[in-house]
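First the structure, in the form of structure tokens, and then the observations on it.
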Amino acid sequence: MTTAGQLLVADSKARVDEVRDETLALRRDLHAHPELGWNEVRTTEVLRQRLTEAGLSPQVLPTGTGLICDIGSGDSCIALRADIDALPVPDAVVAPHRSTVDGVAHACGHDVHTAALVGAGLVLAGMARDGLLERRVRLIFQPAEEVMPGGALGVIAAGGLDGVRRIYGLHCDPRLDVGQVGLRVGALTAAADRILVRLTGPGGHTSRPHLTADLVYALATLVTELPAALSRRVDPRAGMSLVWGRITSGSAANAIPARGEAEGTLRCLDVNAWRLAEELIPSLAAQLAAPFGVEVDTEVTHGVPPVMNDPAAIEVFRTAVGHTLGPAAVAPTDQSLGGEDFAWYLEHVPGAMARLGVRPPGSDTAADLHTPGFNPSEDAITLGTAVLVAAALLD
38 MTTAGQLLVA DSKARVDEVR DETLALRRDL HAHPELGWNE VRTTEVLRQR
88 LTEAGLSPQV LPTGTGLICD IGSGDSCIAL RADIDALPVP DAVVAPHRST
138 VDGVAHACGH DVHTAALVGA GLVLAGMARD GLLERRVRLI FQPAEEVMPG
188 GALGVIAAGG LDGVRRIYGL HCDPRLDVGQ VGLRVGALTA AADRILVRLT
238 GPGGHTSRPH LTADLVYALA TLVTELPAAL SRRVDPRAGM SLVWGRITSG
288 SAANAIPARG EAEGTLRCLD VNAWRLAEEL IPSLAAQLAA PFGVEVDTEV
338 THGVPPVMND PAAIEVFRTA VGHTLGPAAV APTDQSLGGE DFAWYLEHVP
388 GAMARLGVRP PGSDTAADLH TPGFNPSEDA ITLGTAVLVA AALLD
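Structure below.
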């Protein structure tokens, strides 16, 4: 890192501390008012107003939610991205800022990501006003990360990566202590698809299953056997995993229903195997359902490829973490089976996603992502702001 870069990062530290209280309040406000993907209307307006007050010119995306905001000037720029949507998960955390929307919560930490990026934007805007930002930085507040195939595609279609030469993002990780940042070159996440299987039959009385098609038995067989059949048709080294999250059928104990559904996600560490799944899964589902006389319709919604972190971008992150949180804050991290649409950006420009430790001090364990009890340490907001600012200054 150059001496000039060191001086800029040193200057940014005091500025990061100055926005600490505001970013904490923002995170709590967003947490109390979560909005699902493509419906982040209030969230977008809150962000637009604050960035406008900072003298910036945020642009709402054509999709109606999410926004892009450039700071500074230059032909090319560095992009910093946060996702703004919540999940259809209840909030079990007891706090004054608990979700006010039944069944919806920021159970993946997107409120933390967003608050940290707003903080970074305020710091960088201040540096630009003081003549210290000799580059252009683009803030991307992306909608619908949780909706396959992800809101990143809408950002890209709207020109969100035009002129961008590298992109950075953070994601909460409850397995890492607050104050740690997980870095990994290459694949960080897995490919992920949504799988929906619908079975239909004539229905009937449970006393006469032989005179109809036992749809529930067929559905149970498919749910248990499809993952097993898949494991024998794909190279085990591909790390393919099909897990169901919803099974629906029937309304009475003595009636064989005419319809049933199973919905889940397919995750895969290998891109080539992932691409085969779109044809393989419907074929296997049809074979498994055939003996029961039911009709099967399978939808495979292609989700996201793996996040592939660029080595040069990871080195920028490593330097940024080292000069803001200290070299000991850098932690190794493994590839996970989680899906993340940040991967779509990396199909177009190099960049990296880092894992931001959010496990509260003194906790041996923390509730996992996508669970009602997920409760990240709010100290991670300021740390995330500092790392994002440093990455933008040092790239």
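Mapping of the sequence shown onto the working numbering: residues 38 to 432, in sequence order.
Backbone N, C-alpha and C define an ideal beta-carbon position, used for all residues, glycine too.
For residue i, which of helix, strand or coil comes out of DSSP?
| i | result |
| --- | --- |
| P369 | strand |
| T422 | helix |
| T338 | strand |
| A292 | strand |
| H134 | coil |
| Q217 | coil |
| V53 | helix |
| V184 | coil |
| G158 | helix |
| G191 | helix |
| D48 | helix |
| S400 | coil |
| V353 | helix |
| L225 | coil |
| G109 | strand |
| V97 | strand |
| I318 | helix |
| D405 | coil |
| N309 | helix |
| A428 | helix |
| M38 | Confidence in M38 is poor, its pLDDT being 48 and thus under 50, which makes the residue's placement too unreliable to answer from. |
| H68 | helix |
| G92 | coil |
Do residue j and residue i come within 8 Å of each other at the CB atom, strictly closer than that value?
| i | j | result |
| --- | --- | --- |
| E72 | D122 | yes |
| G297 | V337 | no |
| L374 | A227 | yes |
| A275 | G238 | no |
| A224 | R304 | no |
| V215 | G103 | no |
| T302 | T60 | no |
| L169 | A91 | no |
| V149 | R64 | yes |
| P180 | W75 | yes |
| D251 | F329 | yes |
| I437 | L161 | Here the chain covers residues 38 to 432 and nothing more, so residue 437 does not appear. |
| T222 | N346 | Just to set this straight, residue 222 is Val in the shown sequence, not Thr. Their beta carbons are under 8 Å apart, which means V222 touches N346 by this criterion. |
| A10 | F411 | No statement about residue 10 is possible, as the shown extent of the chain runs from 38 to 432 and does not include it. |
What does DSSP give as the partner residues of residue i in its beta bridges?
| i | result |
| --- | --- |
| D210 | G394 |
| D230 | L303, H339 |
| C114 | R173, V201 |
| L279 | L303 |
| S268 | BP columns for S268 are empty, so no partner. |
| R468 | No statement about residue 468 is possible, as the shown extent of the chain runs from 38 to 432 and does not include it. |
| I389 | Per the sequence shown, residue 389 should be read as Ala rather than Ile. DSSP lists Y205 as partners of A389. |
| S286 | G297 |
| A142 | L124 |
| N346 | G223 |
| L104 | V97, F178 |
Please look up how many angstroms separate the CB atoms of residue i and residue j, rounded, as I've assumed it's under 8 Å.
| i | j | result |
| --- | --- | --- |
| P413 | P127 | So it is not a contact: roughly 17 Å between Cβ atoms. |
| I293 | H242 | 7 Å |
| T370 | V53 | With a Cβ gap of about 24 Å, T370 and V53 do not count as contacting. |
| R203 | V386 | 6 Å |
| R212 | R396 | 7 Å |
| T81 | G191 | About 13 Å separates the two Cβ atoms, so there is no contact after all. |
| G146 | L406 | 7 Å |
| T151 | L67 | 6 Å |
By Cβ distance below 6 Å, which residues in the same chain neighbour residue i in space, the five residues on each side in sequence not counted?
| i | result |
| --- | --- |
| D378 | E182, G187, A189, V341 |
| A403 | P211, R396 |
| T285 | E298 |
| G156 | V56, T60, T422 |
Does residue i get closer than 8 Å to chain D when you measure Cβ to Cβ?
| i | result |
| --- | --- |
| D432 | Included in the structure is just one protein chain, with no chain D present. |
Within its chain, find whatever has a CB closer than 8 Å to the CB of residue i; leave out the 5 residues flanking it on each side and keep chain order.
| i | result |
| --- | --- |
| L263 | V234, L279, I318, L321, A322, L325 |
| S268 | M277 |
| R79 | H70, E72 |
| F477 | Examination of residue 477 is not possible in this model, given that the chain is present from 38 through 432 alone. |
| E315 | D230, V337, H339 |
Just to confirm my understanding: we take residue i, look at its own chain, exclude 5 residues before and 5 after, and list those with CB closer than 7 Å. What are they?
| i | result |
| --- | --- |
| S110 | R173 |
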